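Notes follow the structure.
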Amino acid sequence: MSFYEKLVYARKNRFLGKLAYFLLKILGVEIPLSVEIGPGFLLHHGGMGVVIHPKTVIGARVSIYPGVTLGRADVYRPATASRFAGIVVADNVLLGSGAKILCDDGILTIGHGTVIGANAVLTQSTGENEIWAGIPAKKVGMRE
Numbered sequence: 054m055s056f057y058e059k060l061v062y063a064r065k066n067r068f069l070g071k072l073a074y075f076l077l078k079i080l081g082v083e084i085p086l087s088v089e090i091g092p093g094f095l096l097h098h099g100g101m102g103v104v105i106h107p108k109t110v111i112g113a114r115v116s117i118y119p120g121v122t123l124g125r126a127d128v129y130r131p132a133t134a135s136r137f138a139g140i141v142v143a144d145n146v147l148l149g150s151g152a153k154i155l156c157d158d159g160i161l162t163i164g165h166g167t168v169i170g171a172n173a174v175l176t177q178s179t180g181e182n183e184i185w186a187g188i189p190a191k192k193v194g195m196r197e
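Read left to right, the sequence shown gives residues 54 to 197 (the working numbering).
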């Protein structure tokens, strides 16, 4: 486990949590304390530029590359008027560099084993073991 992943898990520590959170912010990673993260989380290359919405749940063995954003698509609305309810990232998901996962209504779910390609803009839920790429992201294949 790298220094960055240790900081991600340390966010939940009663005594060191806030320090770990602020160290991540200084290093260019925004993962709020409310984000639940399963075991085996990988933040590749230090995760510079990663931004994760507080209403996100991340499963086990998820890999996130630099520049990934998980958040609201309707930022033009006040948060109180948004119908965004959160993002769920299932186990064994890979989010490629620069991928943007944006939801404006309800909960967007990325299915178990799914790969979201580099710089893809995903605005809908996916199934299991799918490969999504493009702007807007479309299913381009299946993961074996």
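Note that the Cβ used here is the ideal one computed from N, Cα and C, for glycine as well.
Here the structure is a predicted model, which means the values were calculated and not measured.
How far does the beta strand (DSSP E) with residue i in it extend, from its first residue to its last?
i           : result
residue 73  : No beta strand (DSSP E) holds residue 73; the alpha helix (DSSP H) holding it covers 70-79.
residue 193 : 191-195
residue 140 : 136-142
residue 184 : 183-186
Would residue i and residue j be called neighbours here (beta carbons separated by less than 8 Å)?
i           : j           : result
residue 174 : residue 191 : no
residue 160 : residue 142 : no
residue 83  : residue 105 : yes
residue 99  : residue 57  : yes
residue 108 : residue 139 : yes
residue 144 : residue 186 : no
residue 147 : residue 176 : no
residue 170 : residue 184 : yes
Using only the alpha-carbon positions, how far apart do residue i and residue j sit?
i           : j           : result
residue 67  : residue 115 : 24 Å
residue 65  : residue 94  : 14 Å
residue 137 : residue 164 : 18 Å
residue 166 : residue 193 : 14 Å
residue 119 : residue 172 : 10 Å
residue 157 : residue 79  : 29 Å
residue 131 : residue 195 : 37 Å
residue 197 : residue 117 : 19 Å
Bridge partners of residue i, per DSSP?
i           : result
residue 89  : 110
residue 123 : 105 and 154
residue 59  : The partner list for residue 59 (beta bridge, DSSP) is empty, contrary to what the question assumes.
residue 116 : 95 and 147
When we look at the beta-carbon of residue i and count the other beta-carbons within 10 Å, is it buried (16 or more) or exposed?
i           : result
residue 124 : buried
residue 128 : exposed
residue 179 : buried
residue 149 : buried
residue 86  : exposed
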